[in-house]
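Engineer:
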Amino acid sequence: MKTVFSKIIDREIPCSLVYENSGVIAFLDINPATRGHTLVVPKEPAETMDKLSEPSAAMLGAAIPKICRAILKATGATAYNLLQNNGTEAGMTVPHVHIHIIPRYAESTHEFSWRHDPISQTDADQLADSIREAMGS
Ligand code: AMP
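For the record, in the sequence shown the residue sitting at position 16 is 15 according to our numbering, with numbers rising by one throughout.
Structural data, given as structure tokens:
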């Protein structure tokens, strides 16, 4: 079944278009966290980042700085967050890879409240080892 983002890409439903090329589309979030909140979406309908092809990932990566620059210029935001959810447990509601660009302003009062737990050096070493190992397989 097509996601709402594939429907936007296929022009079946409207969007406030910010940027588009052959591999990527960017549009304003319909429910913005801040003014200028933009979603950058690869046209390939991969559900999560780990399923995205390298060519699509490259196009996505190339588009993001360009779009960030334009958002800063157009909104006067002084900072921004990039946010990217993968899977329901991570808060993803549209199962099609997308990166949130959330402009931040001097007067922004909202803050992210991420919890940070320290990790032991041994645990960190083992974890980093196993991630590096998984990358090679
Ligand atoms: P996520 O929770 O990371 O999956 O984010 C999905 C985002 O898509 C939410 O911030 C929604 O507000 C946004 N969204 C859903 N439908 C639309 C739409 N038709 N046009 C623009 N943004 C949308």
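Glycine is no exception: its CB is placed at the ideal position from the N, C-alpha and C atoms.
Give me the DSSP bridge partner(s) of V39.
Structural biologist: Residue numbering aside, residue 39 sits at position 40 when the sequence shown is read from its first letter. A25 and I98.
Engineer: Can you find a heavy atom of ligand 1 that lies under 6 Å from the Cβ of D28?
Structural biologist: Taking the sequence shown and counting its residues from 1, one reaches residue 28 at position 29. D28: yes, Cβ under 6 Å from ligand 1.
Engineer: Any heavy atom of ligand 1 inside 6 Å of the beta-carbon of T87?
Structural biologist: Along the sequence shown, read from residue 1 onward, the residue named residue 87 stands at position 88. No; taking the cut-off as 6 Å, the Cβ of T87 has no heavy atom of ligand 1 nearer than that.
Engineer: Within 6 Å: the Cβ of V40 and any heavy atom of ligand 1?
Structural biologist: Along the sequence shown, one-based indexing puts residue 40 at 41. No; taking the cut-off as 6 Å, the Cβ of V40 has no heavy atom of ligand 1 nearer than that.
Engineer: On the criterion of 16 or more Cβ atoms from any shown chain inside 10 Å, does I100 qualify as buried, or is it exposed?
Structural biologist: As a working mapping, residue 100 is identified with position 101 in the sequence shown. Buried, since its Cβ has 16 or more Cβ neighbours within 10 Å.
Engineer: Taking the C-alpha atoms as reference points, what is the distance between A153 and A32?
Structural biologist: Nothing about residue 153 can be reported from this structure: the residues present for the chain run from 0 to 136 only.
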